[in-house]
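>
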Amino acid sequence: MDQTEQEVLRLRREQRITELRDFILISSNWISVPLYLVFLIADYFYAPDKFFVYFSIRMLIIPSCLFVNLMIRRSNSLAKIQALGTFHAFVSAFLITIMAFYAEDATSPYYAGLNLCTILVGSFIPWTAGALICNIALIYLPFYAWSFWEWNTHSHSRLIVNSCFMVGTVVITLVIRYVNEKYRMAAIRSRVALDQELDRRAVIIKEKSEEALNLAELAKQFSPQVVHAIRTGEMQISDSVKESEICVSFIDICDSTSVMQSVGVESYQNALDLYVAIAVPILFKYDITFDKMIGDAIMGFSNEPAKRMDYIARMGAACLEIRDTMAARDDEMMCFWGRPFELKMGLANGPAKVGFQGQIVRSYTATGMVVNKANRLCDAARPGQIVFDDSSIAAFAARGFQTRMIGTKTLRGIGERNVYELESFGLASHERWSEVSAAACEVCGTILHLEENAAGILILKCGDCGFVLA
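This is the structure in structure tokens:
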């Protein structure tokens, strides 16, 4: 038996207990005594000389009603409730049997009272199958036992006719019970199915909510095309930390401490917000993961989770674009910064541990010597410089970037390294960066970037032609 059917049977049992208690209480409170008193009218006209005897017999139903009413309120067991109901049905039927044989014999019309008991007991009260058979048997067996005891004192043909009506009553009662039980079970199955569907929808809503929250968090770190690829299932990000070749950048603001002291916290924060708002989308444009802010420095890395053949060149292009964009908006920055806004950057390429790290707050990040090296290279840079070492020179040269050698520098905790400056894009580097992108503009092929539309919804949009990814 499957779990759904078990749940249906459990609910039906609980429902049966409630219905049985209610029906038996109604029967003992409002049906048995009034019906018995109403049939005193029939007693008066059918056997006026025995009226008071019948009245006395009928009043014996009252102790049964009181006893059943008292005991059933204290019972929560299905077996006890059915036993009390069966006792009350037996008492009601036995009193009718006594009156039938006291009036005449088995041919007395009082036998019809047994049929009324059967209809009430079998059609409306939701017994179990065994309890129903027991009730019907206890209603009719005393009558037939008495009839066979006085077999030679009455007309057998009348008894047979009465028996046919009794059998018909039982059959009709069983059919009514079958239909009622069928619809009760159907209603319960529908209820269980509805509950299961609601549970399934709740799980789906929870999963989708968590997925939306996760995507919202990913959108803070990854380019929109990467987030789009993750959402559509084109790209998977493992929960495990793995080793990967990446290019790390540190983009730091020069003299930020002295500026904060001179312009105040509010102006400093406004400038920092504008700087981040400009720099991070540029990182996203080149499929560079925004790792974190370390003080007022931005750390990013390329080649994870989106694998790119030109990941080093992408990082260089992003750093150059950030530097040039900030320089172009220097007048705007001066309003908050109070002096020229200058950046220095360090790039390093090498192996790192990449993945969701941290026990309390998990974030997608990179750790390893290459991160430290990029940080040290950033420290070695002068304002306006983008500094890198031998690990990246070949990739920049292959893409035609303009570079120059600064010399040998000692990087704290790393040692001596040949240090170079990335000066500008070369002619060969002005290629379409979207050629290996996860999502590119369908019109002009430019890399799509994150933008907020008029409704405040983040969209993937081409900065050149305005194409929006549906």
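Take 1100 as the starting number for the sequence shown in the working numbering and just add one per residue.
Using N, Cα and C, we set each Cβ at its ideal position, and we do this for glycine too.
So what does DSSP say about Pro1241, is it helix, strand or coil?
Position 142 of the sequence shown, counting from 1, holds the residue named residue 1241. Residue state, collapsed to three classes: helix.
> Span of the beta strand (DSSP E) holding Ile1352?
Residue mapping note: residue 1352 aligns to position 253 of the sequence shown, counting from 1. Counting along the chain, the beta strand (DSSP E) containing Ile1352 begins and ends at Lys1341 to Ile1352.
> Tell me, which residues are paired with Gln1501 by DSSP?
If you number the sequence shown from 1, residue 1501 lands on position 402. For Gln1501, which the question treats as bridged, DSSP gives the partners Ser1523.
> To which residues of the same chain is Arg1288 closer than 6 Å at the C-beta, ignoring the five residues directly before and after it?
As a first step, residue 1288 must be located in the sequence shown, where it is residue number 189. Closer than 6 Å at Cβ, skipping near neighbours: Val1107.
> Starting from Met1398, trace the beta strand (DSSP E) both ways and give me its first and last residue.
The count along the sequence shown starts at 1 and reaches residue 1398 at position 299. Start and end: Ala1396 to Ser1401.
> How many Å lie between Phe1200 and Ser1207 at the Cα?
Counting from one through the sequence shown, the residue named residue 1200 turns up at place 101. Counting from one through the sequence shown, the residue named residue 1207 turns up at place 108. Distance between the alpha carbons of Phe1200 and Ser1207: 7 Å.
> When DSSP labels each residue in this structure, what does Asn1175 get in the three-state scheme?
Against the sequence shown, residue 1175 aligns to sequence position 76. The answer is coil: DSSP assigns Asn1175 none of H, G, I, E or B.
> Along the chain, which unbroken stretches of the alpha helix (DSSP H) at least 4 residues long are found entirely within the segment 1120 to 1182?
As far as the segment 1120 to 1182 is concerned, its whole alpha helix (DSSP H) runs of at least 4 residues are 1131 to 1137, 1139 to 1145, 1150 to 1158 and 1160 to 1171.
> Within its chain, find whatever has a CB closer than 7 Å to the CB of Ser1246; leave out the 5 residues flanking it on each side and keep chain order.
Taking the first residue of the sequence shown as 1, we reach residue 1246 at position 147. Result list for Ser1246: Ala1205 and Leu1258, in chain order.
> Any contact of the segment 1170 to 1177 with the segment 1110 to 1120, i.e. 3+ C-beta pairs under 8 Å?
Segments in contact, yes.
> Using the Cα positions of Phe1435 and Gly1363, report the straight-line distance between them to the nearest angstrom.
Locating residue 1435 in the sequence shown gives position 336, counting from the first residue. Locating residue 1363 in the sequence shown gives position 264, counting from the first residue. Approximately 9 Å, taken between the alpha carbons.
> Met1265 and Tyr1282: beta carbons closer than 8 Å?
Translated into positions along the sequence shown, residue 1265 becomes position 166. Translated into positions along the sequence shown, residue 1282 becomes position 183. Against a cut-off of 8 Å, the Cβ pair of Tyr1282 and Met1265 comes out as no contact.
> For Leu1446, is the classification buried or exposed, using 16 other Cβ atoms within 10 angstroms of its Cβ as the cut-off for buried?
Position 347 of the sequence shown holds residue 1446. Counting Cβ neighbours within 10 Å, Leu1446 comes out buried, since at least 16 surround it.
> Are the CB atoms of Leu1165 and Phe1154 within a distance shorter than 8 Å?
Looking up residue 1154 in the sequence shown gives position 55. Looking up residue 1165 in the sequence shown gives position 66. Taking 8 Å as the Cβ cut-off, Phe1154 and Leu1165 do not qualify as a contacting pair.
> Using the three-state DSSP reduction, which class does Val1107 fall into: helix, strand or coil?
By one-based count along the sequence shown, residue 1107 stands at place 8. In the structure shown, Val1107 sits in a helix (DSSP, three-state: H, G or I).
> Which residues does DSSP pair with Ala1426 in a beta bridge?
Within the sequence shown, numbered from 1, the residue matching residue 1426 stands at position 327. Answer by DSSP bridge pairing: none, since Ala1426 is not bridged.
> Would His1187 be called buried (16 or more neighbouring beta carbons within 10 Å of its own) or exposed?
Position 88 of the sequence shown, counted from the first residue, corresponds to residue 1187. Buried: at least 16 other Cβ atoms inside 10 Å.
> Out of Ala1427, Leu1237 and Tyr1209, point me to the one whose CA is closest to Tyr1374's CA.
Indexing the sequence shown from 1 puts residue 1374 at position 275. The residue with the shortest Cα to Cα distance from Tyr1374 is Ala1427.
> Within the continuous beta strand (DSSP E) that includes Ile1485, where are the two ends?
Counting from one through the sequence shown, the residue named residue 1485 turns up at place 386. Run containing Ile1485: Ile1485 to Asp1488, per the beta strand (DSSP E) assignment.
> Tell me where the beta strand (DSSP E) around Val1453 begins and ends.
Here residue 1453 corresponds to residue number 354 of the sequence shown, with the count starting at 1. That run of the beta strand (DSSP E) goes Leu1442 to Gln1456.
> Given a threshold of 16 other Cβ atoms within 10 Å of its Cβ, counted over all protein chains shown, does Gln1484 qualify as buried or as exposed?
The sequence position of residue 1484 within the sequence shown is 385, counting from 1. Buried, since its Cβ has 16 or more Cβ neighbours within 10 Å.
> Using the Cα positions of Ile1271 and Arg1109, report the straight-line distance between them to the nearest angstrom.
Here the question's residue 1271 lines up with position 172 in the sequence shown. Here the question's residue 1109 lines up with position 10 in the sequence shown. Whole-angstrom Cα-Cα distance: 28 Å.
> Looking at Trp1226: is its Cβ nearer than 8 Å to the Cβ of Gln1181?
Numbered from its first residue, the sequence shown carries residue 1226 at position 127. Numbered from its first residue, the sequence shown carries residue 1181 at position 82. Closer than 8 Å, so yes.
> Let me know the secondary structure DSSP gives Ala1223 once reduced to three states.
Here residue 1223 refers to the residue found at position 124 when the sequence shown is read from its first residue. The residue you asked about is not Ala; residue 1223 is Phe in the sequence shown. Three-state result, Phe1223: coil.
> So for Ile1513, helix, strand or coil by DSSP?
Sequence index remark: in the sequence shown, residue 1513 carries index 414 (1-based). Of the three classes helix, strand and coil, the one that applies to Ile1513 here is coil, per DSSP.
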